Amino acid sequence: MRDSAAPEPPGDRPPVFSSWPRAYAFVIAYLAALVALLYWFTAHFSP
Amino acid sequence: MRPLDWAVMFGWLLFLVAYGLWRGRGSGSVSQYLLAGKTMPWYAMGLSIMATQASAITFISTTGQSYTDGMRFVQFYFGLPLAMVALCATAVPIFHRAKVYTAYQYLEQRFDAKTRTLVTSVFLISRGLAAGIGLSAPAIVLSVILDWPYRVTVLIMGALVVLFTTMGGIKAITWADVLQMMVIMAALVIALFIAVESLPRDVSFFDAVRIAGAAGRLNAVTARLDWNDRYNLWSGLIGGMFLALAYFGTDQSQVQRYLTGKSIAQSRLSLLFNAMAKVPVQFFILFIGAIVFVFFVFVRPPLLFQPVGLAAVQQSPQYPSIQSRFDMAFNQRLSAARRLRDAPDAAARSSAAADFRQAQQRLDAARARAMELGGGNDANYIFLSFVTHYLPVGIVGLVIGVIFSAAMSSISGEINSLATVTVIDIYARHIRPNASDRHYVIASRWATAFWGIYAAGFAGAAQGFGALIEAVNQVGSLFYGGLLGVFVLAFFIRRAGANGAFFGVLAGEAAIFAAAKFTNIAFLWYNVIGCLVVIATALIVSAIAGPKR
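Residue numbers (my numbering), protein chains in the order written: chain A, 1183 to 1229; chain B, 39 to 587.
Pasting the structure below:
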C-alpha cells in the first residue's frame, strides 16, 4: 500500500490496529469470512 | 393511513428538517457551508455516507427485488469493502493533502484545466440525471401509495430538500443523515419483527426461512461466472469494486462527505465503517423482502400490489380468468408450503419443494400477464403495500416518513455536491475567480436552489425505468468508468499526460456507450471497460505526445 512506506503521524494512526495496513487486512479478511458465510447460507437453504 | 400515521409522518419530517438546520447553523463561510469546516467525526461521516446510499429506492426496490428474484442482489456490494480499502490508501490522503473542495480540482493540479472541465461536465450530466431519477422514482411510488397527485408529492419533497440544503449546507445534511440512519435501522427491525410475528401461529421463524430457501429467495451467492448475469460473485467482486471505486473515489457526492473529516484518520475510519457495515445492512434489507414473500405465501396477496395497475387489470375482460389462475396457484403454493413445513424426511421435503416451485411458476405467470395489462413494474410496490396494510397504526406513518426522508437525504446530498462543483469548478474557476468568501457562499446557496428546482423539474421523465435502484446504478455505470479511469491515471500513472487523460476520458465514455448500445454485457462491467479504455488510450496518446502534454 502506498502509505505503508511512511511512518504514521501519531494523530493519524487507527484506534484499534497499530497501522493502517493491518486495519485494511482485517477488513479484507472480514469480507472473505462474510462471503464464505453467505455462500454457506445459500447452499444450506438452496432448493 | 390513519390520522396518527399522518401526524407521525409529518412530525418526523419536520423534526428532521429542524434538527438538521439546528446542527447546520453557523455555516457562513465557504469552508463551513461546503466542507463543514472540516470538523466532522468518523461516525457522522460514515453514517451520512450510508444514509445517502440508503435512499428511498433502497427500501422500495430492494425489498421488492428480493420478493421477486431472491437475495442475489447482495453480491453487488461484495466489491465495496475492497474499494474502501483502496480509497483509504490512496484517494483519502491525496485529496486531504491537496486541500481541495472537489475531487476535480485535483485533476487540474495533476493535469490541466481542460481535463478538469471535461470531468466536471461528465459529473454534472451524470449526477444531474441521477438526481432527477432519485426524486421522481420514490415520488411515483409514494404518490400512488398515499393517493396524492404526483406533482404534489414531488413539490413537497423538492421544497423540503431545497429549504433544508440551501440553508444548512453539508453540516445540516450530515447530522440529519446520522439521525435518519439510526431511525431507518430501527424502522427496518420493527418491520422484520412484525412480518415474522404476522405469520400464522403454526409457522415459526425457521419454517419461514426454510420456505424462503425452497422458493429460491435466499440465493445470496452465485459462484458461476456469467458475463450476462447481472449479479454473481464475480461481477460483484470485480464489477462492484470498480463501481464502488468510481462512486466513492470520483463522485463528488461521496468525496465531499469524507473531505469534511477532521483528519485523514477520521475520513479513513468513516470509509472502513462503511466497508464493514454495508453488506450486512443490505443483506438485512433483502432478508426482509424474503420474509415478506413468505408472509404472502400464507396471506393471500393481491394480484398486483400497484393499486392503479390492479384497477386497470380489473377493467379487462381477461381479468376473471387471470384472477382464477392466480387463486388456484396461490392455493397450490399454500398447500405445498404446509407440506414443506411438516415434511418428516428429505424425500418429502424435496417433493413438497418441487410442488411449491411449480405453483410459484404458475402464480408468477398470472402476475406477469396482469402486469402486461396493468403496466409498470409491480415489484416497487410490494414492501409499501405490506407496510400500509399490515403494520400497526403509527408505525405505518413512521416507515413512510422514513422512506420520504431517505429520498430527501439522498437528493440533498446530490444537489449539495452538484452546487459545490458548479461553484468551485465552473463559477469560481471560469466566471468569477477572485470574489469574496461571502460572495461564494451566496453563489453556493443559489446553485443549490437551482439544482433542487432542476431535480424537481426533471422528475417524471424517468417513469419508464424498471426496478428503480437498477435505473440509478445503470445511469451511474454509463459515466463512472470514464471518471474512474482518469483518477487512476492521476494517482498511479506518472507517464500519463494532460492530453492523454483528456482523450482517454472521451474514448472511455465512447467505449461504454458502445458496449451499452451494441452488446448484452451486464452494466456492472461498464465501469471496468471504461476504466481500462481510458488508461490504454491515455498511455498511447502520452507515448506519442510525450508525458508533459
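For glycine and all other residues, C-beta sits at the position ideal for the given N, C-alpha and C. Fair warning: this is a prediction, and the values are worked out from it, not measured in the lab.
Considering only the alpha carbon of each residue, which of the options lies closest to residue i?
| i | options | result |
| --- | --- | --- |
| Phe-364 (chain B) | B:Asp-383, B:Ala-386, B:Ala-384, B:Arg-338 | B:Arg-338 |
| Phe-632 (chain B) | B:Thr-460, B:Leu-180, B:Asp-383, B:Tyr-144 | This structure leaves residue 632 (chain B) out entirely; chain B is present only between 39 and 587. |
| His-134 (chain B) | B:Ala-303, B:Val-571, B:Leu-429 | B:Ala-303 |
| Leu-521 (chain B) | B:Thr-458, B:Ile-567, B:Gly-432 | B:Ile-567 |
| Met-1213 (chain A) | B:Ala-313, B:Lys-76, B:Thr-153 | Met is not the amino acid found at residue 1213 (chain A); the sequence shown has Leu there. Answer by Cα proximity: B:Ala-313. |
| Ala-197 (chain B) | B:Val-351, B:Leu-173, B:Val-330, B:Ile-323 | B:Leu-173 |
| Ala-141 (chain B) | B:Leu-297, B:Phe-540, B:Asn-565 | B:Leu-297 |
| Leu-51 (chain B) | B:Ala-92, B:Gly-546, B:Ile-441 | B:Ile-441 |
| Glu-410 (chain B) | B:Gln-344, B:Pro-382, B:Ser-388, B:Gly-251 | B:Gln-344 |
| Val-526 (chain B) | B:Leu-577, B:Thr-203, B:Leu-401, B:Asn-369 | B:Leu-577 |
| Leu-263 (chain B) | B:Pro-358, B:Trp-563, B:Phe-321, B:Asp-245 | B:Trp-563 |
| Ile-582 (chain B) | B:Ala-554, B:Tyr-518, B:Ala-536 | B:Ala-536 |
| Gln-70 (chain B) | B:Ala-554, B:Asn-454, B:Thr-557, B:Val-524 | B:Asn-454 |
| Gly-347 (chain B) | B:Ile-326, B:Asp-416, B:Gln-290 | B:Asp-416 |
| Phe-322 (chain B) | B:Thr-557, B:Ala-92, B:Ala-151 | B:Ala-92 |
| Met-195 (chain B) | B:Ser-448, B:Ile-573, B:Ile-559, B:Ala-481 | B:Ser-448 |
| Leu-145 (chain B) | B:Ala-553, B:Phe-556, B:Gly-538 | B:Gly-538 |
| Thr-204 (chain B) | B:Ala-560, B:Ser-482, B:Ala-534 | B:Ser-482 |
| Ala-225 (chain B) | B:Leu-281, B:Ile-469, B:Ser-443 | B:Ser-443 |
What did DSSP end up calling residue i once you bin it into helix, strand or coil?
| i | result |
| --- | --- |
| Met-78 (chain B) | strand |
| Gly-439 (chain B) | helix |
| Gly-62 (chain B) | coil |
| Phe-1199 (chain A) | coil |
| Val-108 (chain B) | According to the sequence provided, residue 108 (chain B) is Gly. The question's Val does not apply to it. Here Gly-108 (chain B) sits in coil by DSSP. |
| Gly-117 (chain B) | coil |
| Gly-254 (chain B) | coil |
| Gly-102 (chain B) | helix |
| Gly-584 (chain B) | coil |
| Ala-588 (chain B) | There is no way to answer for residue 588 (chain B), as the model of chain B reaches only from 39 to 587. |
| Thr-140 (chain B) | coil |
| Ala-92 (chain B) | coil |
| Gln-356 (chain B) | coil |
| Arg-387 (chain B) | helix |
| Met-39 (chain B) | coil |
| Arg-306 (chain B) | helix |
What residues in its chain sit with their C-beta under 8 Å from that of residue i, if we drop five residues either side in the sequence?
| i | result |
| --- | --- |
| Val-190 (chain B) | Ser-181 |
| Leu-372 (chain B) | Val-335, Phe-336 |
| Arg-110 (chain B) | Asn-257, Ala-258, Val-259, Thr-260, Tyr-269, Asn-270 |
Can you confirm whether residue i, when its beta carbon is compared against all beta carbons of chain A, has any partner nearer than 7 Å?
| i | result |
| --- | --- |
| Ala-303 (chain B) | yes |
| Ala-374 (chain B) | no |
| Val-160 (chain B) | no |
| Gly-504 (chain B) | Any reading at Gly-504 (chain B) must be qualified, since the residue scores a pLDDT of 47, below 50, and its modelled position is unreliable; the value itself is stated next. So no, Gly-504 (chain B) is outside the interface. |
| Val-330 (chain B) | no |
| Ala-384 (chain B) | no |
| Pro-176 (chain B) | no |
| Leu-256 (chain B) | yes |
| Ala-169 (chain B) | no |
| Ala-313 (chain B) | yes |
| Val-317 (chain B) | yes |
| Pro-119 (chain B) | yes |
| Leu-310 (chain B) | yes |
| Val-123 (chain B) | yes |
| Val-526 (chain B) | no |
| Val-440 (chain B) | no |
| Gly-251 (chain B) | yes |
| Val-130 (chain B) | no |
| Val-259 (chain B) | yes |
Looking at the C-beta of residue i, does it have a partner C-beta in chain B at a distance below 7 Å?
| i | result |
| --- | --- |
| Leu-1220 (chain A) | yes |
| Val-1209 (chain A) | yes |
| Phe-1199 (chain A) | no |
Less than 7 Å between C-beta atoms, sequence neighbours within five positions excluded: which residues of the same chain meet that for residue i?
| i | result |
| --- | --- |
| Tyr-139 (chain B) | Leu-72, Leu-73, Thr-458, Ile-462 |
| Ala-1187 (chain A) | Only weak support exists for where Ala-1187 (chain A) lies, its pLDDT of 40 falling under 50; the value from the coordinates is given anyway. Result list for Ala-1187 (chain A): empty, nothing under 7 Å. |
| Pro-340 (chain B) | Leu-348 |
| Thr-77 (chain B) | Lys-300 |
Within the continuous alpha helix (DSSP H) that includes residue i, where are the two ends?
| i | result |
| --- | --- |
| Val-221 (chain B) | 188-235 |
| Pro-345 (chain B) | 345-352 |
| His-427 (chain B) | 420-428 |
| Trp-265 (chain B) | Element bounds for Trp-265 (chain B): n/a, residue is neither H nor E. |
| Arg-483 (chain B) | 475-496 |
| Val-293 (chain B) | 290-297 |
| Ala-539 (chain B) | 536-556 |
| Leu-72 (chain B) | 68-73 |
Give me, in chain order, the residues of the same chain whose beta-carbon lies closer than 6 Å to that of residue i; leave out the 5 immediate sequence neighbours on both sides.
| i | result |
| --- | --- |
| Arg-40 (chain B) | Val-431 |
| Ala-545 (chain B) | Val-571, Thr-575 |
| Ser-86 (chain B) | Thr-212, Asp-215, Arg-295 |
| Ala-385 (chain B) | none |
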